[in-house]
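Below: the structure, in structure tokens.
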Amino acid sequence: MSENLLPREIALRIGLAAREIPEIEPANILSVLDDSIGLPPTYENLNSLSVKRLKLAGNGILKNKDSSMLKAALACLKGEKGIEDEELPLITPLNKADMPDSIRVAVASNQAEKLDGHFGSCRRFLIYQISPEEARLIDIRSTENMEVGDEKNDYRADLISDCQILYVCSIGGPAAAKVVKKLIHPIKHVDVVDAQEVLSKLQEIISVAPPPWLAKAMGHSEQARIRFASE
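In this text, residue positions in the sequence shown follow the UniProt record's numbering: the first is 1, and each later residue adds one.
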């Protein structure tokens with residue numbers, strides 16, 4: 001069954017549920033619903049779902065997914081959680097002279113200040129300016145505004161084209177190629193964590209001995225990059 005044939009509210013719930021689980025698309029959620037409550041889903045049937053039923057249905061496609069993700073997806077399916085429910089982190093604008101020798105990092109995110117998104121389905125990218133001394137959230141870029149006719153991976157790569165590093169929970173090969181073409185280095189981090197956790201580790205790397213490609217992105221001289229490479 002196509003999402004286009006569903007009531008708009010139910011289609012939205014399915015889309016939001018898929019975004020809570022990396023590497024899961026709305027079509028996968030529909031398959032799980034077909035096996036567990038039948039199609040088309042109704043509000044009453046969606047309310048009868050449980051995490052256990054989600055794990056058992058659809059040939060077990062969700063069986064090994066993190067329970068916290070499944071609980072969040074279930075809340076979306078039941079209408080208990082929507083886009084308007086979440087609080088976004090605060091942005092601190094970046095002035096032109098701020099943070100020399102820094103890099104810009106994108107984090108694929110679905111909620112709050114988490115690294116929990118798949119490149120092709122995350123709700124937004126959190127954009128940070130990173131130096132050895134500071135990790136500053138300077139922008140939040142929604143992925144919801146793609147125009148009809150835009151290619152999804154191209155659109156998302158363009159959104160973060162000013163970044164040097166991208167953190168994601170997962171990214172497919174074709175999408176990764178689009179990102180690399182923009183001179184962005186994708187880093188896959190399977191576990192869901194606070195964005196600040198991976199950014200703190202990145203700060204340690206750039207404060208001690210960044211790899212040459214990263215030192216170049218930070219504006220270090222060629223002589224400095226050679227020194228880092230030899231350490």
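Glycine included, each C-beta is placed from N, C-alpha and C at the ideal position.
Excluding five sequence positions before and after residue 90, none of the CB atoms of its chain fall closer than 6 Å to its own CB. Per DSSP, the unbroken alpha helix (DSSP H) holding residue 201 starts and ends at 195 to 208.
Judged by pairs of C-beta atoms under 8 Å, the stretch 60 to 73 does not touch the stretch 121 to 130, as fewer than three such pairs exist. When Cβ pairs closer than 8 Å are counted between the two stretches, the stretch 189 to 208 is seen to touch the stretch 153 to 172, the count reaching three or more. Pairing residue 106 with residue 196 gives a Cβ-Cβ distance that is not under 8 Å. In this chain, the beta strand (DSSP E) harbouring residue 124 covers 124 to 130. Rounded to the nearest whole angstrom, the CA to CA distance from residue 211 to residue 218 is 11 Å.
In the DSSP secondary-structure assignment, residue 139 is bridged to 127.
For residue 174 and residue 198, the gap between their C-alpha atoms comes out near 24 Å. For residue 190, the secondary structure class from DSSP, reduced to helix, strand or coil, is coil.
Here residue 139 has 91, 127 as same chain residues with Cβ atoms under 7 Å from its own Cβ, once five neighbours each way along the sequence are excluded. Listed in chain order, the non-local C-beta contacts of residue 157 below 7 Å within the same chain comprise 178, 179, 182, local neighbours out to five positions each way being set aside. Per DSSP, residue 177 is one residue of the alpha helix (DSSP H) stretching across 173 to 181. Residue 109 has 124 as its beta-bridge partners, per DSSP. As a beta-bridge residue in DSSP terms, residue 170 pairs with 118. For residue 184, the secondary structure class from DSSP, reduced to helix, strand or coil, is coil. If only complete runs of 3 or more residues are kept, the stretch 42 to 102 shows no beta strand (DSSP E) anywhere.
The distance from the Cβ of residue 73 to that of residue 20 is about 4 Å, consistent with a contact at the 8 Å cut-off.
With respect to residue 10, residue 30 sits apart: the two C-beta atoms are not nearer than 8 Å.
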